[in-house]
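Following: one structure in structure tokens, then a few remarks.
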Amino acid sequence: MWKKVFLMTLKVALVGCGKIADGHVEEIQKLPNRARVVAVCDLEILMAEQMATRYRIPTYYDSYQQMLERERPDVVHITTPPQSHLPLARLALDAGCHIYVEKPLAPNHRDAVALVDAVASAGRKMTIGYTYLFDPPALEMRAAIESGVLGKVIHVESWCGYSLAGQFGAAILGDPTHWVHALPGKLFHNNIDHLLNKLTEFIPDDEPRIDAHAWRRHPVQFGDIRDEMQDELRVTLVGNGTSAYATFSSHVKPAAHFVRVYGEKNIMHVDYVSRSVTLEPGATLPSSIGRLVPAFGQALQFLRAGGRNGMAFVRGDFHFFSGLNRLISMFYDSILTDAPLPIPTRDILRVSLWMDRIFANIGAGRGRP
Amino acid sequence: MKKVLITGATGFLGGSLVERLLAHGERNLRITVRPGSRRERVLAAAAKYPDAQVEFVEANLIAAKDAARAVDGVDVVYHLAASLRGAPADMFLNTVVASKYLLEAIGTRKPMRVVLVSSFSVYGVAELGRGAVVDEQTPLETHPEKRDMYGQVKLRQEALLREYAAKNGFELVILRPGVIHGPGGSAFSSRVGLDLFGVFLHLGGKNLLPLTFVDNCCDAIVLAGQAPEAAGQVYNVHDDDLPTCAEYLEAYRREVKAIRHIRVPYPALAVLSRVLDRYHAWSKGQLPAIFTPYKSATTWGGNRFDNSKLKRLGWKQAIPTADGLQRTFAWLRAST
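Residue numbers (my numbering), protein chains in the order written: chain A, 27 to 395; chain B, 78 to 413.
In structure tokens form, the structure reads like this:
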């Protein structure tokens, strides 16, 4: 098996040469023993050309069908807008390819199910861009929870901050025809996979009770569809044994990104921005001493986290797209060695179902309380 | 009456171009704007010329029908719209692909002249050696993948326009400005240096800074659109009496505000670039390759410049360099 992994490299093709595609190609090219990017494709040939030029990719196309026929890739990365994922996935599966699909999987749960069914019928493998599940703090969190430090998990809080002034936010606000505006959940639809997928390992239910509120906080200024775009979302999910809060905020600054896991023994703060995993201090000593000591304990935890990050940096192992790299590696390993998929298909479908529920919830006039 | 289209008119350069076009007698202007863009500066310029017709067309240039509406009935296109920053794919989309849609819309319409505002960044100066003269005969970059995204994008955009001009037969004039400065512009070109974590790394030293004051640059653009003999030509645009980067920085510190800076001599930068380039490769991109030997040689190697071709076309520098700098610094002082 060892020889098989290192003797066979997967031929990878990519469709959709937008911004996120850069990250895919960069991370794939860091795995020369497992895979090589043989071609890229975009409806706009100039976009395919620029990507091929920058990353020295041998071939580029504006015909997806032609790329599949000529290159016969083993894996196709689909990094196009979500409305096109299902048809592009079907064509790739028909060509015998495994697929990596960017999030969100589809514009609605029905299409997500159809996509998953198509993968199963073709006997191929699929994963989705839930990269933060494989970021260093997520891995550290999982190891710590397995060690029993939290005890049974009672509640989880997932927070994703967003900046409308960032590159993607500016693109959405700058263009009323941007594909994000055509999604049922609009801005949320393109982002809250990352909010919800972190909850799936804590909430085992298929359909937890969901209550969602959303509203718009950015000023009305365009006189078109952009003025309707909601940018603040609060969700409560109540499962059988575990509950969760999920917050997406475009206006709270800084744009934080964390998970807090509340257990019977401890509360854990998992921070994706500072890549730190810390436990909330409890008063274990009496009187004022009990108020004095915890801050030092907390400081020590951050010092250790910073030290670990620093050591990783010195080793050259502290990359922005660590999670993406690990996810791609695990997905390719699952193809090459028949190892388990990095993300269970059931979790992918649960996230899409929860998103449908949330959008139905906020679409029914559930606004600012 | 001749009708001219300006893309990118709500930007720093575009706003000034509208004023200069009106000052040079153009009276029928169409301006593409993105929905929600600020129009105040254009409207203020137009208000000074009551006989002028200034039409706004809301357009996303990456939409064929918008591009077609924009070019319908125009005789000259001043194409300034470009993405200066952002993700590489977005910059490419908003500059090169947008240009393609515009060119497709222009098709074989005649008479038609397209004036493209390009950049010095298309020249392949890294291998010329320090002190080489950059003029219109200087070879174009042959290693775009080694350059920053802006250079890559402008190079591809130029190539695209030349390709369409050859195919469809419109008159193409390419202008390559150096560092455009003026009220509303930025304080520092990367040729002077870079701000890294609050400390300004002064990298340009005694290299000449190819400045062009925004109004002078716009005079050149207008001339490129109006002079018959400009058809099919390329012009470098910069002013005379160019300061060195060190002189510019010193003047900024004196006139605007004192900033902390560290002078990095070119030999030290060359060594640093090699180290960072190797570190970038070893660490698989843990830190971005801001400095590479190629980029450093391109941006901070130091060149001399020649604007004689533009002068032969009839361009004269209306605002002396010292006056232009005073206006720029006054604006920067007021806005800090």
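Think of the CB as a built atom: it goes at the ideal place given N, C-alpha and C, for glycine as much as any other residue. The model shown is predicted, which means the values in this text are computed figures rather than measured ones.
Spatially closest choice to residue i from the options, by CA coordinates
i        : options                                : result
A:Phe346 : B:Ser373, B:Phe406, B:Gln363           : B:Gln363
B:Leu285 : B:Ser267, B:Glu248, B:Val153           : B:Ser267
A:Leu159 : A:Leu353, A:Ala197, A:Pro107           : A:Leu353
A:Glu306 : A:Arg317, A:Asn292, A:Ala197           : A:Asn292
A:Glu53  : B:Lys361, B:Asp400, B:Lys372           : B:Lys361
B:Val230 : B:Val174, B:Val148, B:Phe169, B:Met189 : B:Phe169
A:Lys279 : A:Asp237, A:Leu190, A:Leu199           : A:Leu190
B:Thr172 : A:Leu72, A:Asp250, A:Ile218            : A:Leu72
A:Ile236 : A:Arg260, A:Val41, A:Glu166, A:Phe322  : A:Arg260
A:Ala74  : B:Pro127, B:Val174, B:Leu98, B:Ala122  : B:Val174
B:Ala159 : B:Arg224, B:Thr109, B:Leu98            : B:Thr109
B:Leu82  : B:Val148, B:Ala243, B:Gln310, B:Tyr178 : B:Val148
A:Glu254 : A:Asn266, A:Ala240, A:Thr262, A:Val264 : A:Ala240
B:Val210 : B:Leu94, B:Asn384, B:Ala407            : B:Asn384
A:Ala78  : A:Asp100, A:Gln92, A:Cys43             : A:Cys43
8 Å CB neighbourhood of residue i in its chain, flanking five on each side removed
i        : result
A:Lys30  : Only weak support is given to the placement of A:Lys30: the predicted model assigns it a pLDDT of 47, under 50, and the question is left unresolved by the model.
A:Arg252 : Ile198, Leu199, Pro202, His207
B:Leu99  : Leu106, Ala122, Ala123, Lys125, Tyr126, Ala129
A:Met27  : Note that A:Met27 scores 43 on pLDDT, short of 50, meaning its location in the model is unreliable and no value can be drawn from it.
A:Ile154 : Tyr126, Val127, Glu128, Lys129, Leu131, Asp219, Ile369, Ile374
B:Ala358 : none
Cut-off 6 Å between Cβ atoms - residues of its own chain near residue i, not counting five sequence neighbours on either side
i        : result
B:Ala301 : Val192, Val250, Leu252, Ala307
B:Asn105 : Met78, Lys80, Gln130
A:Val102 : Ala39, Ala118, Cys123, Ile125
A:Arg286 : Glu183, His295
A:Met356 : Pro368
A:Arg383 : Ile236
B:Glu96  : Ala122
B:Ala399 : none
A:Phe385 : Pro210, Gly211
A:Gln109 : Pro133
A:Gly177 : Gly289, Glu290, Lys291
A:Arg150 : Leu119, His124
Three-way DSSP call (helix, strand, coil) for residue i in this model
i        : result
A:Val15  : With chain A covering 27 to 395 only, the question about residue 15 of chain A has no answer from this structure.
A:Ala65  : strand
A:Trp28  : With a pLDDT of only 45 at A:Trp28, under the threshold of 50, the placement of this residue in the model should not be trusted; the figure read from the coordinates follows. Helix, per DSSP.
A:Met294 : strand
B:Val333 : coil
A:Ile229 : coil
A:Tyr90  : helix
B:Cys322 : helix
A:Phe346 : coil
B:Gly88  : coil
B:His220 : coil
A:Tyr188 : coil
A:His204 : coil
A:Ala240 : strand
A:Ala74  : helix
B:Ala164 : coil
A:Arg116 : helix
B:Ala159 : coil
B:Ala140 : coil
B:Ala147 : helix
B:Gly281 : coil
A:Leu379 : helix
A:Val299 : coil
A:Thr363 : helix
Proximity test, residue i beta-carbon vs the ligand ADP heavy atom, cut-off 7 Å
i        : result
A:His345 : Questions concerning the ligand ADP fall outside what the structure shown contains, since it holds no ligand whatsoever.
Cut-off 7 Å between Cβ atoms - residues of its own chain near residue i, not counting five sequence neighbours on either side
i        : result
B:Pro370 : Ala347, Ser350, Arg351, Asp354
A:Phe328 : Ser302, Thr304
A:Ala115 : Ile104, Ile125, Val127, Leu141, Ala144
A:Arg334 : none
Quiz prompt | Cβ pair count under 8 Å reaching 3, the region 261–274 of chain A against the region 179–187 of chain A | solution = yes
Quiz item: Between the region 361–380 of chain A and the region 85–95 of chain B, do three or more beta carbon pairs fall short of 8 Å?
Solution: no
Exercise. List in chain order: all unbroken beta strand (DSSP E) runs of 3+ residues lying wholly within the region 100–135 of chain B.
Key: 105–110, 130–135
Quiz item: What runs of the beta strand (DSSP E), each 3 residues or longer, lie entirely inside the region 247–277 of chain B?
Solution: 248–254, 256–258, 270–273
Quiz item: Taking only runs of the alpha helix (DSSP H) that begin and end inside the region 289–318 of chain B, which ones reach a length of at least 4 residues, in chain order?
Solution: 291–303
Self-check item: 3-residue-minimum beta strand (DSSP E) runs that sit fully inside the region 124–182 of chain A, ordered along the chain
Solution: 124–127, 152–154
Self-check item: Start-end ranges of the alpha helix (DSSP H) lying completely within the region 349–409 of chain B, minimum 4 residues
Solution: 370–377, 385–390
Exercise. Output the residue ranges of the alpha helix (DSSP H) runs that lie fully inside the region 172–252 of chain B and measure 4 residues or longer, sorted by chain position.
Key: 175–183, 226–245
Quiz item: Counting pairs of Cβ atoms below 8 Å between the region 309–318 of chain B and the region 234–250 of chain B, do you hit three or more?
Solution: yes
Quiz item: Are there three or more Cβ pairs, one per stretch, closer than 8 Å when the region 370–379 of chain B is compared with the region 267–281 of chain B?
Solution: yes
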